[in-house]
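The structure appears right after this line, and notes come after that.
Now the structure itself:
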């Protein structure tokens with residue numbers, strides 16, 4: 001790991017977007033122009049048990065190659081955790097052996113979902129250029145790093161060369177003019193954007209979130225915005241670093257003294273491809289009906305739809321901030337008869353914090369069932385999948401038919417506030433109606 | 001969500017190198033192509049489950065050389081490379097779509113699966129067969145040709161090599177110190 005934190009090229013910093021500055025630095029250039037293809041040096045490569053060693057090792061062997069720099073690799077197990085059959089156990093065993101064999105010190109085994117664990121363990125900082133072996137890798141953009149998801153063969157290319165090609169992206173700038181209203185949160189913003197722009201509205205551009213509404217947003221809420229950029233079809237979801245970023249990094253044990261946070265932002269005269277301004281006051285809690293995140297509507301349009309599972313899980317929906325939202329609604333209440341409220345915290349660290357402060361206790365007292373801290377039903381890989389009769393409302397990212405369970409199951413997507421409110425009534429419910 | 005999935009019978013006028021057309025709708029996601037519950041399996045086995053919830057029998061009926069034709073946002077969702085890998089393993093010659101999810105597009109090229117952007121994909125979908133010239137930017141169909149976006153030269157190199165793995169192999173071989181000729 002480079003001891004020094006990255007800084008943008010100073011000479012030609014005018015008129016560049018944050019995305020351009022981040023890519024230019026990684027490409028060793030003063031400036032880059034959207035559309036051109038450049039080769040970038042990778043500061044950090046993150047992958048998990050599914051996309052990682054089991055897929056990479058055979059290809060590395062075929063090439064007779066070794067990872068270019070074990071210090072720049074982070075491996076996290078989350079998809080086959082906990083292992084509940086022989087195949088899953090074999091995948092985890094292989095992952096552990098591979099990490100040991102290649103001397104990778106930054107290995108987090110069963111500590112939570114990669115996109116939450118990566119920053120929590122202090123691996124990210126503004127200015128970095130990072131690739132992740134998972135589609136929700138844009139989450140790292142919340143920390144002012146250019147982070148995006150790639151597949152296993154492309155990760156092999158990174159491991160062998162330390163580089164990756166990139167078409168310099170245009171920027172889609174999303175501005176929120178003011179702090180969000182009560183019980184309207186990042187998940188609602190993203191479902192609103194995906195619903196209005198479509199799940200390909202991002203057109204693989206760099207999405208940048210800005211404005212007074214973003215300035216006021218806590219770190220984990222910012223992560224939810226960046227995370228769901230995947231569902232908007234953006235390549236990465238960037239947020240300029242500020243005092244909120246630095247505070248989160250400090251909490252993760254990062255020495256922030258050398259971080260040049262204020263320079264990792266778009267110039268005021270930078271050209272953006274498209275600018276969308278959201279009127280915060282007009283935003284409402286949103287719900288995406290089966291079977292697409294783009295099938296999003298204000299909660300009122302779907303209120304009353306019956307549900308029998310309320311699922312609070314995933315990197316996008318079960319961080320400490322998300323668990324607190326659910327607890328605020330569930331405090332002193334009890335889930336409706338026939339509703340199975342499932343909580344799968346996004347990281348061990350968040351689960352322990354929720355336990356210490358009483359948040360977890362509130363959820364359990366309301367009737368929640370605690371599930372393992374891992375990707376769980378959101379990824380749909382393990383034994384914990386929804387049966388054909390499940391009608392769920394979930395804080396997860398995708399409700400594609402059959403993703404989280406049987407092809408007959410149905411999933412509504414919503415914020416932790418809305419999922420908790422719906423758990424209390426057994427119907428899709430506006431969280432602003434619960435005291 | 002996929003709106004429409006039909007498979008045409010092979011037309012008698014199809015050239016020998018053409019493949020049958022499988023017409024799909026918009027937003028075909030990675031979880032349809034490579035279902036999560038089968039992600040533990042090696043690709044050749046996983047491929048037998050490709051599209052099984054949405055187009056039962058697809059994996060058994062698709063033949064090498066066939067062409068998938070879809071609407072917008074093909075391959076949205078996960079980074080799982082098994083989605084294009086399954087199509088490749090089944091012998092699909094190319095995917096033609098109005099647009100692709102960026103991650104899927106990169107993954108497909110890296111595996112050597114031609115992915116072609118065509119604003120007139122609906123016309124291709126209406127033909128029983130198609131022959132895709134990814135480099136030239138044309139698709140031959142029954143009764144004519146349809147223009148598509150040519151794949152950039154940089155990516156054509158990867159495709160011609162058969163994907164990123166063979167490309168890397170050649171690159172490593174070229175940069176390796178010269179060994180003595182065997183006598």
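Residue numbers (the working numbering), protein chains in the order written: chain A, 1 to 435; chain B, 1 to 183. Note that CB positions come from ideal geometry on N, CA and C, so glycine has one too.
Taking 8 Å as the CB threshold, residue 151 of chain A lines the interface with chain B. Taking 8 Å as the cut-off, the beta carbon of residue 177 of chain A is found closer than this to the beta carbon of residue 211 of chain A. Just measuring C-alpha positions, the residue of A:194, A:60, A:430 sitting nearest residue 329 of chain A is A:430. Closest in C-alpha terms to residue 131 of chain A, from the list A:51, A:146, A:119, comes A:146. Under the DSSP assignment, residue 105 of chain B falls in the alpha helix (DSSP H) whose first and last residues are 102-111. In terms of CA proximity to residue 317 of chain A, A:136 leads the group A:153, A:249, A:136, A:67.
Assignment of residue 119 of chain B by DSSP, reduced to helix, strand and coil, places it in the coil class. Judged by DSSP in its simplified three-state form, residue 371 of chain A adopts coil rather than helix or strand.
Going by DSSP, residue 340 of chain A is part of the beta strand (DSSP E) stretching over 340-344. Contact check between the region 388-401 of chain A and the region 298-317 of chain A: three or more CB pairs, one atom from each, fall below 8 Å, which counts as touching.
Under a criterion of Cβ atoms nearer than 8 Å, the residues of chain A adjacent to residue 106 of chain B are, in order, 150, 151, 154. In this structure, A:159 is the residue among A:159, A:254, A:7, A:252 with its C-alpha nearest to the C-alpha of residue 72 of chain A. Scanning the region 272-358 of chain A for uninterrupted beta strand (DSSP E) segments of 3 residues or longer gives 274-278, 286-288, 296-298, 309-313, 340-344, listed from N- to C-terminal end. With a threshold of 8 Å between beta carbons, residue 94 of chain A makes no contact with chain B.
For residue 279 of chain A, the number of other beta carbons within 10 angstroms of its own is below 16, and it is reported as exposed.
For residue 417 of chain A, the uninterrupted alpha helix (DSSP H) run begins and ends at 416-425, by DSSP. Secondary structure remark: continuous alpha helix (DSSP H) runs of at least 4 residues inside the region 55-134 of chain A, in chain order: 86-101, 114-120. Residue state for residue 412 of chain A is assigned as strand, using DSSP reduced to three classes. Here residue 247 of chain A is exposed: its Cβ has fewer than 16 other Cβ atoms, across all protein chains shown, within 10 Å. Interface with chain B (8 Å Cβ-Cβ cutoff): residue 65 of chain A is included. Rounded to the nearest angstrom, the Cβ distance from residue 325 of chain A to residue 416 of chain A is 4 Å, consistent with a contact under 8 Å. In summary, the residues of the region 96-126 of chain B whose CB is separated from some CB of chain A by less than 7 Å are 99, 101, 102, 103, 106, 107, 110, 111, in the order they occur in the chain.
For the region 35-62 of chain B, the set of positions with a beta-carbon nearer than 7 Å to some beta-carbon of chain A reads 35, 36, 37, 39, 40, 53 in chain order. Non-local beta-carbon contacts of residue 175 of chain A in its own chain, meaning distances under 6 Å to residues more than five positions away in sequence, involve 210, 211, 277 in chain order.
Looking at the backbone, the Cα of residue 349 of chain A and that of residue 255 of chain A are separated by about 20 Å.
Take residue 340 of chain A, set aside five residues on each side of it, and the residues of its chain with a beta-carbon closer than 6 Å to its own are 309, in chain order. Closer than 8 Å to the CB of residue 148 of chain B there is not a single CB belonging to chain A. Taking a 10 Å sphere around the C-beta of residue 268 of chain A, we find fewer than 16 other C-beta atoms and assign the residue as exposed.
DSSP, reduced to helix, strand and coil, places residue 95 of chain B within a strand of the structure shown. In the DSSP assignment, residue 63 of chain B falls outside any alpha helix (DSSP H) and carries neither an H nor an E. Under the DSSP definition of a beta bridge, residue 69 of chain B partners with B:23, B:96.
Distance from the CA of residue 296 of chain A to the CA of residue 67 of chain A, rounded to the nearest whole angstrom, comes to 42 Å. Contact check for residue 232 of chain A and residue 180 of chain A: beta-carbon distance about 18 Å, past the 8 Å limit, so the pair fails to qualify. For residue 81 of chain B, the chain A residues whose C-beta falls within less than 7 Å of its own C-beta are 151, 152, 153, listed in chain order. Close to residue 311 of chain A, with beta-carbon spacing below 7 Å, lies no residue of chain B; the smallest spacing is near 15 Å.
Residue 134 of chain B is a Cβ neighbour of residue 114 of chain B, given a cutoff of 8 Å.
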